[in-house]
Structures are given as C-alpha cells and as structure tokens.
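This report refers to the structure that appears directly beneath it.
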Amino acid sequence: MPRGITWTRLALTAASGQNVIILSQAVNWTTNDEIIITTTDTNIAHTERHQIDYIENQTLIHTKLPLAYTHLVLQQTFANGQVAAVSAAVGLLTRNIRIRSQRAGSSLTGFRILITDYRTCVFDNFSNQCNDTYYKGYARISNTQFIGFGKLDDTYYSDLQSGISMSHLGDYISSRPTFIDACSFDSGFNAAIGMRSTNGIPITNNVIYNTYRSGIAVTGMNNRVENNLITTVYWVGTGQDASISQFSSNNDAAIMARDATSVRLLNNLVAGVERLAYRIPGESCGGSDVYTPLNVLNEYSNNEAHSVMSGVSLWPTDKGFIYDRRSQQHGIGDFRIPRLALTNLTGHRININLTYPYRGISRSNSCSLQPLWGMYMCNSSIDYRMLIIESMDSDTEKRRISPVAIMSNSGYIDLINGPQDQSFCNGYSCKRRISTFMAIIQSRQTYKIFFSSTPPRQTRFRILNADSSIKCVLALQYDSLQHIDVYANTMYIPPTNRDLSAPGLMLDDRPNGVTLSSPSGSNYFDRTYQMAYFAIDGSTMIDIKVSPLLILSFGFPPMDPASFYSTNLVANLAILLNISPDKIRRVNIVSASNQTRIRRQTSRALPSIQLQIELRDEPRTSSTATTGIRAEILSNVASTIINRYQSGELQEAWKNLNITNGTAPSVLNTQEPFDNSSVELNTINKLLLITPPNNCRQQSPCTIQPVLVAYNVEGNVIQKLGSKDRPWQVKASVIGRPNLILPGGIANYSGGQTQYTLFGLPDIGTQQVQFNLIPPDGVNSSFLATTNLTVQTAFVSVTRAILAGQQVNNIYVVNVNETFSVTLMPVDSITLLKLGKIQWGSWTWSANVTLRSLPKLNRYGSLVQSNLSSTNIDLTEGTVTVTNLAINATGMYMLQILMVSSNNDHSIVLLSNGILVKDDTVTLITESDSFSSNITFAGDFDALNSSGKLEEKRTMICNHMINVGMPLISDIIVFKGSVVVTYEADTLAPNVSAAVSKLLSDPGAIPDLTLTSVNMFGRTYVPSSASSSSSGSDTGNVSTNVALIVGLVVGLVGGLLVIFGVVWLYRAHERMISRHRLGVEETDEDKLTGVDANGVASPKLDNHVSSTNLDGIELFSPIFINQTQSKTSNRNLNNFQAAKPVLPSSMMEIIAFD
C-alpha cells in the first residue's frame, strides 16, 4: 500500500518528556505505525524510534512513549534575506510488506538481495547442444520494509555486502526499469543499497535507519539519489573488535559515491553519522577548454547534513612529493612533533620555527658539520650524555607515547621515536614496544619534554655514565591539571612552592624556583602550562608520579565575594564534605567570567563565582613505600561528594551550614582522580522508562532490554550519575514479589541511560516489573521515596525458554590417552547470552559425549571414558563439565556433546572444535605468526563459517595431511582468503616431498574444497592439469614432481638454519600451547553449532542469509518466493525464482531474469 510522504520534518521543536510532535506536512500515517525522529545534537544514538498512538489532522502525532531527547527546529534569516532552516526529520518505518532476517544479531550479518547478470550453458533438446546464454536481472521495489540487512565488511568492495546489491546491470532500460522507491531499511550491518557497474538507476524517497558504514553506496554513471533520509550510521569500527578497529582507516560516508564517474544527488538529508555525510566526486569543471562527455551528469542540489563528524572534508592540494613540513613519506618532519607542543594555551597553532628553529641534538656554535662523516664534531668543552626516559606503567609495551619531543632552551627540537618490537612472535602483529627512550642531552641546559599521547602515571629519568657535575633542568608536559610527586633516588622531594608553615602539603603561588643551581630533585609544577619542572644530575634517578587528585569546582550565582572570607572556609568545607581538613590542599576563589583570582575587596558589579577545591592525601615518603596515599580512598571520597550533589543533599547541607550566607552552589564540575578533564554534574529530577523489556523467555535475557533515562529539572538527559568507579545502579523487581532475584536485574547508569544487557524474568506468564534506584553511597535513602524515581512497566509476557549450548573451555591439543574435560554452558538460543539459572524446578542436566563422525577422513581413534568420568554441574558459574575423557590415537577429532534435561523439556547438541591428538614425544610450535607453510583451497570461507562447517573442514584437512605423511610440528590454522591453511612442518623429515606430491595428486580430497596450491618453506607448488581434472588419482605429473623434489631439497637445505634456531629458542624459552589458539580464528559464530537427528550439522542459530539462500528471511503476505538450494557463486542466480506478487505491481515486483 503506497504511503505517500515517507519522511518530513518537524514544524516545532519537540522537547524531551513530551509525547506530541507536530509535522510540517500532512501525512497518511496511521495508529501503531513506527516512526523515527532524527537527532539534532552531537550524539547519533539520540535518533528515537517511536510508535504512533494516534494522529490528529494528519500533522499532530501522539506517541505511545514520551520523547527521551529534545529535537530542535531552528531558523536563521541573514541580512541578505536568505533563510537557513535546520530541523529534525520524521521518517516512517512501517510498510505492509516486510523482508526480515530472522537471526541477524551478534554475527553482524543479515540477508542480502543480489540483482545481477550471469552467463550459463542452456541445453537445447532439439539441437542436442549446450548454448551459451546470457541473463540480466532487474527489480522494481517500492513500499517495502527491509529489517536486518547486509553484512559488516571493511574491505574496498564492501558495498557488495549491501542489503540490496546491484551489480553489472549496465545502463537503465526504460522498457524494463529498475528502481527502489519509498522503502524503509531498518537495522542493518552495511549499506542498504549498493551499486556497481550500474548506470541511471533512481533511488528515491527511502528511509534508512541504524546501520554500519553507509546508507547508500553507488558507482557507475548518472544514478539518481533523490529525497532520501539517512540516519544513525555507525562507523564500521564500532562493530569490530578494538584490536581490529584501532587500525581501521575507513572513512566512508552515509551517501558514498567515491568511485562513481558521475552521480545526481538531490534533496537528501543525512542526520547522525559517526563519520562523513557525503563522499562524492567533484562537480564537472566548466569552461571551453574542459571536455565533459555528454552522457556524464554530475548534479548536486539541496542536500543537507547535520549531527555528523564532518560537514565538509576537502583533500589538500596535491603537491606530489613536496611537503610544507618535510617528507611525510619517510616519517620525518614537523608533523611528527607532538600536538601540544605546536599549540598555545588557547589551542591555536603556533609557528614552532620562531622559538625552535633548529632540529636534532642541541649543539653550540663550536660544533661543525663534517660532510665526509655525515655528522657534527664538537669540542671537548661540551658535555653530552645519554638521558634515559622510561615509562614505568604496566602498559609500557602496549601503549604508544612516541615520538617524544626533546626541546632545548637553545632552540633545538630532537624527536625520539619508539624502539623496535620487543615481542617474541617474529612478526609485526604483536606490537609490543617497551616505552624506553634514549636522548642525547647537553649538560647545563633546560629541556622541555612532550609525549605524543597521555603521559605515563610514573616516568623514570636517568643520565648514564655521569656524576653530579652533569646537570640539567627537565620539564615534562601533562595534558591536564595533575598533582605530581617527585622522588630522587626513591626519596620524596617536596615542591619548591610548598608552604612549610602548614601542617600538611599546601602549595602557595610562588613562581618557579627550579634552576641549574637547585639541588637534584627540586621540582615545581607550572599550573598555567601544566609543566612539571625538576632538576636532575648524573648521580640521581628521578621518578615522577601522578598522584590521585580530586578537583571540585563549585559555581555560584552573582554574589559578594566577601561571603567566602567571613567564615573559616576550609574547616566548614571539611565538615560539609565529611572529610579531614588536611585533605584540602588548595582553595581558590575566582571569577567565573575571566578565571582571575578574587581578593577580599569587593566591587560594585557582583561577579559570578567559582570556588575551586583540590583534595589529595599526603604523598608517600618513598617511591617504594607501601603506606601513605591510596587512590581508592580518594575515589571513595569523590563518589560520596558526587552522589550527595546529584541527589540534592549537598546543596541543602550547604545552605544549613551557612557557608556563603545561605547561597548554595548551582553548578559542580569534577575532575576525578587520574582523569584528564572535568565533567559537569546534574541533579536528578525524574527517571523514565524509555524502552520496556520485551520478547522475554524463562531465565533468559529478554531480546529487547529495558532502557531507563534520568533527567534534570530542565528536562535534559543526565549523561552521568555517580563517579566513574561507582556509577549509580537501577534494580528491577517483580511487583508483588520483592524478594525475587531477577536475572541481570541490576544495571549501571552511564552514557545517558541504564546499561541492561542480561535482564530476564524467571517464570513463565505475565509479570509487572518495577525499577528503583539503589541508594548511592553517602546518600540518605529517603530522597528515593518519590514517584519520579520509581518506574513500573505494563505486564510483560514470558514464554518458554529455548536453549542452545556454548563450549567454555576450548581444547586444541592433547597427547594420546591424556585426560581432559569439556565444559559447556547452556545459553539462550536467541541472544546467545548466559541464563539466570541453568536449572530450575526439580530437573537436572545429564550429558553424553561421543566422537563426531566426519563425512570423510575419520581417524581410527576412539573416545575413552574411565570409571572416573563424571558430569559436574556448577550452578554458580552456570556450567556443565564432563571430566576424565581421553582419545587413544593420533589425529584430529571433534566431540559431539548431547545435553538433556531430566524432564526431557530441553535437549542441546553441541559440536566441539577440532582437537589435535599427538604423541607425547612430539613438541609443537605454538607461535602461529612464524608458520612458514600453507595450503590454499578454492572455497567460500564465509559460507563454511556461517553454516558451521568450517571446523569440520579444518579437521578433515588436518587428518588428510597426517594420512599423506606430512610431518606436522604444529596445529593448523584456517584463514580467509579463499580457504588458507597455515602450519609448520619438520624441515628435516625425509618424507616431505612425498607428502606434498600426494596432496597435489588429489586436489579434491576434501569435500566442497579444491586444493589450488601448496607453499612449503617459501616455494609454491600447484596440482598438475591431470590431477586437477581427475581427482583421486595417485599419479601426478612427473616433471612437476621432479621440480617439487628439487625445490624441496633446496628449501630443506636452506631450512636447516631455521630448524636449529627454532630448537635453540624453544629450549631456551618454553611457551604454553594455550598462548595462541591453534585452530580457526574464533568468532561469535563458532560458539554454537546445531546438529539434526541424522547427526548432520545444521545452520547455526545466527544463520547468515546469502543472496541465494533465503532461509533466514521472513516474507510477509502477499510475497511468495520459491527457493531451491544452490552451491553456485553469488553471481549465479539460476536457482532463485521469484513469483509475481498478489497485490498490484506498484507494491513490490522483483523480476530476477528476462
């Protein structure tokens, strides 16, 4: 059914808490339709999804739940009469035709629809010949809702994994048009629409919400992208593991036309993107001297973007190999200087060459360049020494803080880069680099030191091969206000501006007094430039430690500053904050407008006031002492103060103590211990349930988790409640059963909402849930006794649990007859998350373990279960363990575990990973980065992985290699790249060449995979044409085998040095087998594998849906699709058949072929 207008804009600003919005256009939307309201701030997650309760006059929409965030409508009229308007958009998601992925979720994979061409051979019965036949698909899609589309991918051709992918359709044909119009795309994992080698296709009036990477990705020529709304597009790295995303340079846009020859981009709106809004080719240049082909139409008009990371990004002018700041290609030049050294206090860039015109090690005029040497020669009057700068933090090998800038007062900048990889993996991937830097310094100089990232919490400095006559002043820069403790030869040295008359550590405002004549260890922290100055000589080791510091900044309305001097301020603050007075190290009263300190005298115009308080403990007398300052104590103090302020108690206590004539602070900013910035706190006024729990199963996490949001009195969302270490918590309970403990019933509040992930309900039926704040530390629980802070749901339905299994302790390598145990965890089959309880009622679990029978290449071993074998159930950890298992022969095996409840309500079948069983005399190489050999198979890695067959293939490949006599000295690992198996073989074994020959002679030994190459010790061998065409033959090409033997002999001789090195290293450095997984790299999809009644692995619970397999798609009437299995590539669609829809063709028509 056509819906007319698919998206429009708000007419008036919609404030958080209200449930009425006014549209700028009349629409024909109806009750229970789902809509989205786009964000107008900097948080893309503030795009809201709502359901229409009812609608008046086609423009006034009442939502079933109140708005969580404010959505703005702004209009600005300029002097020239031009009007700029920015407003939130409202898009319609609901369509009466839906295509839904049933199990898209943790795998970040949904369905895909491919529209393409292909060529095949069609047999003609009359001519008795096979005719080469070409097919080209087309599609007319409108008024359809797509839910759970695409597959997360970060490659250059990732648009091929889009929800609807058009490939090689050529030019638009009016007699058989292809278009996508008035559709909605909801919650995907890649672009909704992707096009390659396709021209002139109209993509119009669509709403795309909540996906990764892009909304629309087009190439080709003249494709028309018009009047589309795209919102909530996450950077691809958000969906990746941090170990991968930290290296991602993906900068794709919501509308991506990077590779298009031309595109027509008209009247689109992009709102809420973690990267770019539009990435497009430039417009065609004009002028008589510029030739533009007549069929190339670049047109950009009236496109809008807001709430995105970058509004407009322009590439810099191409300068070839010449750079303004020296060669970036070789990693040298001013661009490597740490950012903070290149800016002033206001954040503006400075000309570094004015103050530091020279580069390299500091030197005097007595030094002269010796061209033949390529170095400077200095006379003996200059004392050069090596300064060691060492990070003492636990992350010294993992966190990069270089390049380090050493900046002398004589105008030199010396950049020290990081040291080489110190790990033991023979590759670049480990990136373990000890943060120890060696700088050449000149005695009697002052140096400023800048790190390229956050400085370590403890940094050590030493001057090598020097005595006390070699002396310097160093200044280490910090990127925030911190309190620095300096230790000289492990003994604490107080700063030069310490108030010696005070009983504790109190600092006054004296200027920096650290000079070259100061004793070694003398120190001073410059609060303005955030530089820690200290003196060091050759006989002293200096440790600089960042100490826990809590900074409170109270804001007051305009008032008389004399109010702060009329009482014993420090003593009263200590009473108010419930702390010892000696923890207050600094109190400062400043003007909120210009940050200048206010003296006792008053002025006629009363200023707004900031009261700044710094709290910390006494420093330890020695860097090796175990008593003294403790970070957790100050964190507890911070938590209590924050809690009391956000509950409103601190403000009331302030008034009662009459510290400032009854005026309480209106603002509090806090910088917690070890933080680099301050956060403004808000007082809580109300708590609202934004998303109620839904789709709940017994003892299982609900598919839709509850979301609660706290608001202040102005109606703004509170981003943070409590301290970073102790956030406020919300507890759920069932009304009428307050003592019932709910699974995952307690959640922290952070990031502007509760963080429920495992909330569930224990019993089948309908239950009403209540949410309450848990009283924070230091707060009287009476403030929680208000209806604004207690929230109740409507009745929530709970259905029967549907369970699956997950292996907890993967076992990869064991010896023959070595006992091992297998531990499993029953999980929810929908969310794949742990249960509240693994047993309830009176029933118990039993487990049976057998060896999995492979389709081919089974080894001859059997599973041994002794009298000591048992099934242990751990109700606390939620696991079931089968103990004392063993396998009595070498090879690789998979276990099949059957778990059954005693009441027969639940049955779980789980396949383990492949377990390599070896002789106890064999020592395996476990560092997979150093494997020198690999085998490549033609096959679909993704399809095998998604169908649960990948581990089975790995097991058969390993057994095949053992059967042909390959002398393995490692486990095998399977990677993507077709299907690549890496391993290590014994270079001294005499049967290597025979094993490789057997592999090459039977390339089809593994079902559904074809061996294409074997790489041994750096040389590559391929099967002969005879063996490729006749799989199973034992006789390979003679010339190939001769070349193979000669090549392997050369490789073996060259590998002798390698094997001797490996033997020496492994005797000197034993490594545990479990250090790296010895098998296929684990994904979320590896954890669950279903097996049918015939013992055949079935698709996983989070089944992928390819373009030729629509099992995971829910097709709502009136669309019917006939589908048969296909093992062809994505571009071969001859097994996909689409029936004509029952409704008129304007609704949705997909025609796969002519």
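Residues -14 to 1139 in my numbering are what the sequence shown lists, from first letter to last.
Note that CB positions come from ideal geometry on N, CA and C, so glycine has one too.
Sequence-distant residues of its chain with Cβ nearer than 6 angstroms to residue i (five each side left out)
i, result
"N288", "L250 and N253"
"K640", "G647 and A649"
"N802", "A871 and N873"
"S420", "S376, T381 and I386"
"D1019", "Confidence at D1019 is low in this model, with a pLDDT of 38, below 50, so the placement of that residue should be treated as unreliable; the coordinate-derived value is given next. For D1019, where only same-chain residues beyond five positions count, the Cβ hits under 6 angstroms are S986."
"L673", "V694"
"F549", "I574"
"S955", "L909, I910, Y968 and E969"
Residue i: first and last residue of the uninterrupted alpha helix (DSSP H) it sits in
i, result
"D927", "F926 to S932"
"Y630", "A616 to S632"
"M951", "Run containing M951: none; DSSP gives neither H nor E here."
"I337", "I337 to T340"
Cutoff 7 angstroms; reference residue i; Cβ partners in own chain excluding five residues on either side
i, result
"I942", "I957, V966 and I991"
"A1028", "Note on A1028: pLDDT 46, under 50, position unreliable in the model; the coordinate value appears next. Excluding residues within five positions, none has a Cβ falling inside 7 angstroms."
"Q3", "P51 and L52"
"L818", "P686, L743 and V812"
"A974", "P952"
"S9", "T(-7), R(-6), L(-5) and A(-4)"
Burial state of residue i, where buried means 16 or more other Cβ atoms lie within 10 Å
i, result
"V1048", "Unreliable placement is indicated for V1048, whose pLDDT of 42 sits below 50; the coordinate value is still reported in the next sentence. Exposed, since its Cβ has fewer than 16 Cβ neighbours within 10 Å."
"K841", "exposed"
"K433", "buried"
"N17", "exposed"
"V107", "exposed"
"K49", "exposed"
"C115", "exposed"
"Y630", "buried"
"A70", "exposed"
"G(-11)", "exposed"
Check whether residue i and residue j have beta carbons under 8 angstroms apart
i, j, result
"G523", "S453", "yes"
"F435", "I374", "no"
"A390", "A326", "yes"
"A245", "V203", "yes"
"Q738", "V698", "no"
"T216", "I46", "no"
"G122", "G173", "no"
Endpoints, the beta strand (DSSP E) within which residue i is located
i, result
"I22", "E19 to I22"
"A979", "From DSSP, A979 is part of no beta strand (DSSP E) but of the alpha helix (DSSP H) over V977 to S986."
"T196", "V192 to Y197"
"A(-4)", "Neither: A(-4) is in no beta strand (DSSP E) and is coded neither H nor E."
"A559", "Not the beta strand (DSSP E): A559 falls in the alpha helix (DSSP H), residues L554 to L562."
"M476", "M476 to I478"
Nearest to residue i (by Cα), restricted to the options the options
i, options, result
"Q791", "N482, I882 and I521", "I882"
"K938", "A238, R722, V959 and I815", "V959"
"R85", "I560, Q740, S620 and F170", "F170"
"V652", "I626, F539 and W220", "F539"
"L330", "V849, I689 and T513", "T513"
"Q894", "K49, N833 and V715", "According to the sequence provided, residue 894 is Val. The question's Gln does not apply to it. Of the listed residues, the one whose Cα sits closest to V894 is N833."
"H56", "V949, T25, S233 and S365", "T25"
"S351", "Y361, C168, G345 and P342", "Y361"
"Y103", "S917, D109, N944 and Y119", "Y119"
"N402", "S395, T475 and I322", "I322"
"T784", "P760, G745 and F768", "G745"
"L758", "T772, Q752 and V258", "T772"
"Y263", "G200, I229 and N701", "G200"
"D378", "R370, G148 and T439", "T439"
"V999", "T921, K705, I188 and F422", "T921"
"F756", "A717, S160, N190 and N724", "A717"
Close beta carbons around residue i, own chain, < 8 angstroms, minus the five adjacent residues each side
i, result
"E637", "A649"
"N557", "L642 and I644"
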